[in-house]
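Below: one structure, written as structure tokens.
Numbering (the working numbering), first residue to last: 620 to 820.
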């Protein structure tokens, strides 16, 4: 019995040289394929992150404009002037310059002021940047500030269009742009906004 057991152990064999070579070859192919695919997957992942981040930035800027349009026309008294004006931009004829007014301090009028509690808010597209100004009506003034960093994001479209229908005034806002250092990564966001106040303007 002992001799038979030893004989069976001696009869067992491992991988042959050919099998080892085939296994090593397959392993090398798998490693090589993985090494080639990984940079592609990594680039795709980075692109997706850039698209998502760009959409976030545009949506945040759009939210600021949307919030002002919703509040346009609020007055705790009898305010004179236009609550919302859309002026064709002389530099960008296809774009708009938007100004909205609301009575922040509730004094019954819309004040043009340089104080922190500004009651006029203007937005425009200028040289690839979305700009905002407070305290001046009808897109006047020289105190424009960039809402987004133009070194990071270049804006290609800013448009506000009045929409018909409904009891309250409605507007469609369109905002589009791309990463300044990677122009192939583009995004566009839009929203339908309903004014909460019915005052004419």
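For glycine and all other residues, C-beta sits at the position ideal for the given N, C-alpha and C.
At what residues does the beta strand (DSSP E) containing residue i begin and finish?
{"i": "residue 781", "result": "772–782"}
{"i": "residue 700", "result": "Looking at the DSSP string, residue 700 is not in any beta strand (DSSP E), and its letter there is neither H nor E."}
{"i": "residue 720", "result": "715–720"}
{"i": "residue 752", "result": "748–753"}
{"i": "residue 741", "result": "739–745"}
Going along the chain, which residues of its own chain have a beta-carbon closer than 6 angstroms to the beta-carbon of residue i, five neighbours each way excluded?
{"i": "residue 723", "result": "736 and 738"}
{"i": "residue 813", "result": "787 and 789"}
{"i": "residue 795", "result": "775, 776 and 807"}
Give me the Cβ distance between residue i and residue j, rounded to the nearest whole Å; I'm assuming they're in contact under 8 angstroms.
{"i": "residue 788", "j": "residue 756", "result": "That pair is no contact at about 18 angstroms."}
{"i": "residue 694", "j": "residue 727", "result": "7 angstroms"}
{"i": "residue 749", "j": "residue 680", "result": "6 angstroms"}
{"i": "residue 815", "j": "residue 689", "result": "5 angstroms"}
Per DSSP, residue i is paired with what?
{"i": "residue 797", "result": "773 and 805"}
With a CB to CB cut of under 7 angstroms and the five nearest residues on each side skipped, what residues in its chain are close to residue i?
{"i": "residue 779", "result": "705, 715, 717, 790 and 792"}
{"i": "residue 669", "result": "798, 801 and 804"}
{"i": "residue 731", "result": "739, 754, 755 and 756"}
{"i": "residue 769", "result": "747, 748 and 799"}
Take residue i and list the residues in its own chain whose beta-carbon comes closer than 8 angstroms to its own, dropping the five residues that flank it on each side.
{"i": "residue 626", "result": "Below a pLDDT of 50, predicted positions are generally treated as unreliable, and residue 626, at 49, falls in that range; the measurement from the model is reported next regardless. Within the same chain, residue 626 has no close Cβ partners at all."}
{"i": "residue 699", "result": "728 and 729"}
{"i": "residue 650", "result": "none"}
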